[in-house]
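Counting along the sequence shown from 1, when you hit position 389 you're at 389 in full-length UniProt numbering, and nothing is skipped either side.
A virtual CB, placed ideally from N, CA and C, is assigned to each residue, including glycine.
Only a predicted model underlies this, so the values are computations on that prediction, with no experimental measurement involved.
So the structure is just underneath, and the comments pick up after that.
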Amino acid sequence: MAVADVVKLIQENDVKFVDLRFTDTRGKEQHVSIPAHVLLEDADEWFERGHAFDGSSIAGWKGIQASDMLLMADPATARIDPFFDEPTVFMHCDVIDPADGKGYDRDPRSIAKRAEAYLKASGLGDTAYFGPEPEFFIFDGVTWGTDMSGCFVKIKAEEAAWASAEEFEGGNMGHRPGIKGGYFPVPPVDSSQDIRSAMVLLLEELGVPVEVHHHEVATAGQNEIGTKFSTLTQRADWTQILKYVVHNVAHSYGKTATFMPKPIVGDNGSGMHVHQSIWKDGKNLFAGEGYAGLSDTALYYIGGIIKHAKALNAITNPGTNSYKRLVPHYEAPVKLAYSAKNRSASIRIPHVASQKGRRIEARFPDPLANPYLCFSALLMAGLDGIQNKIHPGDAADKNLYDLPPEEDKLIPTVCASLDEALAALDKDREFLTRGGVFSNEWIDAYIELKMQEVNLTRMTTHPVEFAMYYSL
């Protein structure tokens with residue numbers, strides 16, 4: 001969509017406001033709205049000059065001494081917002097540093113664009129395709145509190161296995177998935193069908209192609225909407241749209257959705273499996289005659305991800321809650337190995353019928369990850385594997401959850417905590433900084449920001465500690 005198309009969209013739909021959106025370091029979209037007439041007065045000039053804002057108020061960004069930033073709207077991303085009362089067009093924006101006119105060092109979308117440019121400059125490929133599968137929960141309500149007197153969290157979910165003894169207005173109908181029983185019975189056990197369908201229709205209206213939707217394994221409303229793969233930056237844009245739609249449709253139904261990796265104890269957490277492939281001149285470079293139909297390029301790409309997995313964890317699994325999911329036996333891929341079909345491995349090669357569909361699937365990321373940063377970091381690790389011919393070794397076709405101890409200890413694992421992952425990132429960062437994709441200054445700021453989360457949870461007394469220690 002060109003500038004003229006945005007103007008036409010605004011005029012034909014009597015649009016009153018333009019909403020400018022960008023993503024912060026943690027992965028949350030931020031926005032500012034302007035009256036549509038501001039853009040229409042001179043659209044070409046408006047798109048060229050950008051919209052000034054204060055970047056110092058964004059967590060993890062520069063201080064007040066370097067606060068002036070510009071939002072440069074991408075006209076190709078213009079869409080009509082389906083939730084606002086007043087007709088509003090929204091667009092994804094790049095954050096530009098006016099000092100040099102380039103994408104801001106700490107802007108996630110600018111990092112994604114630099115990753116795509118680095119791929120082309122490397123000569124190893126011209127296009128990287130990504131297909132994430134973020135899972136999420138839909139609850140009826142959630143309350144929590146934390147202060148000096150104590151802390152608690154309480155989830156309300158009529159669909160939850162623990163709700164079988166509760167009384168509800170209109171009665172307790174008894175149809176609900178048990179623990180690990182949500183994949184995937186028909187309604188009324190699956191209580192989210194209509195909500196997911198509403199989400200799907202809006203996603204497609206917003207230009208995000210949907211391939212499938214279904215209930216996921218866990219009780220209490222775990223769901224997934226599968227959307228089509230695309231190029232790195234566009235696919236990250238689509239992921240942000242998906243999160244926005246999921247949150248707001250759930251809200252409109254009087255419910256609440258979360259992409260937390262592990263909101264409930266004792267059942268599956270929510271992952272974000274990320275499918276990836278690299279193409280050049282219209283050819284899928286991951287297709288070949290090797291294991292599971294992969295090329296050497298694909299195997300080296302896997303080798304790079306496995307080599308840098310612990311550093312990647314800081315970006316692909318960026319919350320303290322992420323590591324409550326990454327434990328064995330809840331379909332969490334903690335073992336750094338690759339395999340066809342075997343879902344206990346951290347890298348899976350999906351079975352496909354055509355060479356065009358050949359790809360690899362990283363299974364350890366979770367939907368707390370900032371998609372721009374996650375996809376960029378995975379790409380940079382994979383490219384390092386290709387450049388240095390890092391072979392991942394033999395495939396693991398056994399169930400990695402039930403290996404004999406002598407075999408189990410030979411297979412490396414992902415990090416067990418966020419602070420371990422941040423320490424790994426601090427030591428293993430050079431692959432990310434090639435081509436100026438990520439900067440050392442960004443990595444330092446990111447580690448500092450995330451260590452605040454580590455320290456907050458480290459200092460907060462947990463209710464389970466009372467169960468373990470109160471009477472000792």
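When the five nearest sequence neighbours on each side are left out, the beta carbons in the same chain lying within less than 6 Å of the beta carbon of PHE137 are those of GLY221, GLN222, THR258, PRO263, in order along the chain. Here the alpha carbons of PRO350 and ILE360 stand approximately 7 Å from one another.
For GLU116, the secondary structure class from DSSP, reduced to helix, strand or coil, is helix. When the Cα atoms are used, GLN240 and THR227 turn out to be separated by approximately 12 Å. The Cβ atoms of GLY382 and TYR301 lie closer than 8 Å to each other.
Under the 10 Å beta carbon count, VAL274 is surrounded by 16 or more other beta carbons and is classified as buried. The count of Cβ pairs closer than 8 Å, one atom from the region 237 to 252 and one from the region 193 to 213, reaches three, so the stretches are in contact. Runs of alpha helix (DSSP H) with 4 or more residues, each lying fully within the region 178 to 204, are absent. In the DSSP assignment, TRP442 falls within the alpha helix (DSSP H) that extends over 440 to 459. The three-state reading of DSSP puts GLN222 in strand, counting E and B together.
The DSSP-derived three-state label of CYS151 is strand. Boundaries of the alpha helix (DSSP H) harbouring ALA43: 43 to 49, taken from the DSSP string. Apart from the 5 residues on each side of it in sequence, PHE466 has no Cβ closer than 7 Å to any other Cβ in its chain.
Rounded to whole angstroms, the separation of the alpha carbons of MET173 and LEU449 is 46 Å.
Just measuring C-alpha positions, the residue of THR143, TYR323, SER56, ILE315 sitting nearest PRO371 is ILE315. Here DSSP, grouped into helix, strand and coil, assigns LEU294 to strand.
Within the model, the alpha-carbon separation for PRO328 versus ASP397 is close to 17 Å. Beta-bridge analysis with DSSP links VAL142 to ILE155. With a cut-off of 8 Å on Cβ pairs, the region 56 to 63 is not in contact with the region 40 to 47, counting fewer than three such pairs. A check of alpha carbon separations from ASP140 across HIS214, SER252, THR127 identifies SER252 as the nearest.
Under the three-state reduction of DSSP, ALA52 is assigned to strand.
Taking 8 Å as the cut-off, the beta carbon of GLU159 is found closer than this to the beta carbon of SER191. Here the region 435 to 447 lies against the region 111 to 118, with 3 or more beta-carbon pairs under 8 Å apart. The beta carbons of LEU379 and LEU119 sit about 7 Å from each other, so the pair counts as a contact at 8 Å. With fewer than three CB-CB distances shorter than 8 Å, the region 79 to 88 does not count as touching the region 337 to 347. For ARG325, the uninterrupted alpha helix (DSSP H) run begins and ends at 322 to 325, by DSSP. The criterion of a C-beta distance shorter than 8 Å is satisfied by ARG358 and LEU294. The secondary-structure analysis by DSSP pairs LYS280 across a beta bridge with LYS283. Restricting attention to alpha helix (DSSP H) runs no shorter than 4 residues, the region 388 to 448 encloses them at 405 to 408, 418 to 427, 430 to 433, ordered along the chain. With a contact defined as Cβ atoms closer than 8 Å, ALA353 and GLN276 miss out at about 19 Å. Bridge pairing for CYS93: ALA73 [DSSP]. Annotated three-state conformation of HIS462 is coil, per DSSP. DSSP assignment within the region 312 to 388 yields the following whole beta strand (DSSP E) runs of 3 residues or more, N-terminal first: 335 to 340, 345 to 349, 360 to 362.
CYS415 counts as buried, since at least 16 other C-beta atoms from the protein chains shown sit within 10 angstroms of its C-beta. Between PRO75 and VAL3, the C-beta gap is smaller than 8 Å, which places the two residues in contact. Per DSSP, SER270 lies in no alpha helix (DSSP H) and is assigned neither H nor E.
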